[in-house]
Amino acid sequence: MIDQIPTDTESGLRDRAIVELLFSSGLRVSELVNLNRDHINLTRREFMVRGKGQKDRPVFISKSAAEHISAYLEARTDNLPALFLSYSKRHARSSQHFRRLP
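Written out as structure tokens, the structure is:
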């Protein structure tokens with residue numbers, strides 16, 4: 001299934017990075033949509049996330065997830081802080097946008 005996501009467009013790179021990140025980390029969608037670029041350390045493959053109950057916890061990701069996030073960020077031409085964008089409105093994704101992911 002993951003290999004079926006096309007990576008020849010910026011939105012395809014984003015979708016692949018999202019799936020890889022969710023699969024690798026077990027993040028909730030609400031946690032994912034609140035991530036900013038500066039939250040994640042791709043070299044160390046880790047970041048902190050504020051989860052339910054306003055508790056911070058460390059999250060570690062696979063090498064594959066880090067590589068796909070890096071490829072997506074390299075393809076982006078904006079300076080917006082959100083890690084993942086909704087290309088229909090150029091803002092951070094909401095959980096409603098995410099549920100439409102193919």
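With UniProt numbering applied, the sequence shown covers 1 to 102. We treat Cβ as the ideally placed atom computed from N, Cα and C, and that holds for glycine.
Neighbourhood of asparagine 41 by C-beta distance below 7 Å, restricted to the same chain and skipping five residues each side: Phe47
Environment of aspartate 15 [buried if 16+ CB atoms lie within 10 Å]: buried
Assumed close pair isoleucine 2, valine 19 - CB separation to whole angstroms, cut-off 8 Å: 6 Å
Own chain, CB closer than 6 Å to serine 62, minus 5 neighbours either side, in chain order: Ser24
Boundaries of the alpha helix (DSSP H) in which aspartate 15 is found, first to last residue: 10–25
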